[in-house]
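With my numbering as the guide, the letters of the sequence shown map in order to residues 3 to 297.
All residues carry an ideal CB built from backbone N, CA and C; glycine is no exception.
Data block below; observations after.
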Amino acid sequence: MKQDYLVRGIAADGMLRVNGAITTNTCNEAAKRHGTWPIATAALGRLLTGAIMMGAMLLKDDQRMMLQVRGDGPLREIVAVTDGHGHVKGYVGEPHVHFPLNDEGKLDVARAIGQGRLTVTRQIGDGEPYLGNVPLLTGEIGDDLAYYFARSEQVPSVVSLGVLVETDNSVRAAGGYILQVMPGASEEIISFVESKAQNLAGVSRSIDAGHTPEEILTENFGELGLEFLETTPVSFVCDCTRDRFERALLSLGREELESLLADQGQAETVCQFCGAKYLFSRQDVERLVEIAKQR
3 MKQDYLVRGI AADGMLRVNG AITTNTCNEA AKRHGTWPIA TAALGRLLTG AIMMGAMLLK
63 DDQRMMLQVR GDGPLREIVA VTDGHGHVKG YVGEPHVHFP LNDEGKLDVA RAIGQGRLTV
123 TRQIGDGEPY LGNVPLLTGE IGDDLAYYFA RSEQVPSVVS LGVLVETDNS VRAAGGYILQ
183 VMPGASEEII SFVESKAQNL AGVSRSIDAG HTPEEILTEN FGELGLEFLE TTPVSFVCDC
243 TRDRFERALL SLGREELESL LADQGQAETV CQFCGAKYLF SRQDVERLVE IAKQR
């Protein structure tokens, strides 16, 4: 199976910033970990793909970014976290949602999300996080990210995200691209990008046909003088640890831990992002109670 990756580049003498990604394995791993049905798989996969590219564009060093979509539909919320180095993790509030296909014959992600808001949180060093918040434009996620760029970053952007889901709930193809028009770009460049964006084939279908992100971008925007600068491997990675969950249990305090012991005799924690389970035996919890007593 081919490695997922993202590619970054420029076009039109630097007036157009280009980012593309293939994320089939990454989205499939998320679907398996969370046991998602097709609509949730598509919604989560789109947000993971968008987060990966946004992280590569906006983050440096050890900075992190969280994308959160909250709506009044049955999916409730979708969250993706990236470190800017091609690593991403995420979850969906309700993984088991089903609707008939929409009028275009596609998974009805917008209906499953409903009306709501997109929040982007960037953690830059030890200071206060940068937070941007916009209403959902369509609930299709790609359009909503483009709206976020226009409103919060003041950068006109084209965002295309796609996840092709098999009948067995596995991901057959996934990926996307983000094009951003830089300040100073001519009206001709802007018009060209807009006209192309309106007539592009679905990105997941192109990836399923065997095309790479570079080929997809070159076919549609190559005449603007595309130059690819770097590629980065992409994968679903969760940084949860047993120690982290132990600290979370300890933060409950002595009384809560003693109540937990009395009711269950042990504690099992589950990572919301990756589904990993950590079992703490009676002896483990008793040890935490003793530590809590000393605080």
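Take the Cβ of residue i as the centre, count every other Cβ of all protein chains shown within 10 Å, and call the residue buried at 16 or more, exposed below.
{"i": "R41", "result": "For the record, residue 41 in the displayed sequence is Ile; it is not Arg. With 16 or more Cβ atoms within 10 Å of its Cβ, I41 is classed as buried."}
{"i": "A264", "result": "exposed"}
{"i": "P185", "result": "exposed"}
{"i": "K295", "result": "exposed"}
{"i": "K279", "result": "exposed"}
{"i": "K4", "result": "exposed"}
{"i": "H98", "result": "exposed"}
{"i": "R35", "result": "buried"}
{"i": "G224", "result": "exposed"}
{"i": "I180", "result": "buried"}
{"i": "S208", "result": "buried"}
{"i": "E196", "result": "exposed"}
{"i": "T243", "result": "exposed"}
{"i": "T38", "result": "buried"}
{"i": "R297", "result": "exposed"}
{"i": "S159", "result": "buried"}
{"i": "L281", "result": "exposed"}
Does the distance from the CB of residue i to the CB of residue j come in under 8 Å?
{"i": "I143", "j": "V81", "result": "no"}
{"i": "M68", "j": "T123", "result": "yes"}
{"i": "L77", "j": "A33", "result": "no"}
{"i": "A23", "j": "V272", "result": "no"}
{"i": "Q1", "j": "V157", "result": "What is shown of the chain runs 3 to 297, which leaves residue 1 out entirely."}
{"i": "G118", "j": "L138", "result": "yes"}
{"i": "Q268", "j": "S283", "result": "yes"}
{"i": "V90", "j": "L50", "result": "yes"}
{"i": "M55", "j": "G178", "result": "yes"}
{"i": "A13", "j": "A187", "result": "no"}
{"i": "V167", "j": "T25", "result": "no"}
Taking the DSSP output, what are the residues bridged to residue i?
{"i": "S159", "result": "Q182"}
{"i": "I24", "result": "Y7, G177"}
{"i": "T234", "result": "L8"}
{"i": "E270", "result": "L281"}
{"i": "L166", "result": "A175"}
{"i": "E229", "result": "I12"}
{"i": "Q65", "result": "Answer is none; Q65 lacks a bridge partner."}
{"i": "Q70", "result": "V81, T121"}
ask   = Do the stretch 192 to 206 and the stretch 230 to 242 meet, that is, are 3 or more Cβ pairs less than 8 Å apart?
value = No, the stretch 192 to 206 does not touch the stretch 230 to 242.
ask   = Any chance the stretch 119 to 136 sits against the stretch 163 to 175, with 3 or more Cβ pairs inside 8 Å?
value = Not touching, per the Cβ criterion.
message = Extract the residue ranges of the beta strand (DSSP E) inside the stretch 74 to 155, only unbroken runs of 3 or more that lie entirely within it.
response = 79 to 84, 89 to 94, 118 to 125, 132 to 137
key: Stretch pair the stretch 206 to 222 + the stretch 9 to 22: three plus CB contacts closer than 8 Å   = yes
message = Pairs of beta-carbons, one from the stretch 239 to 249 and one from the stretch 99 to 112, closer than 8 Å: are there three or more?
response = At 8 Å Cβ cutoff, the stretches do not touch.
query = With a cut-off of 8 Å, do at least 3 Cβ pairs link the stretch 83 to 90 to the stretch 107 to 120?
reply = Touching, no.
key: Segments of 4+ residues assigned as alpha helix (DSSP H) that fall wholly inside the stretch 186 to 220   = 189 to 200, 205 to 210
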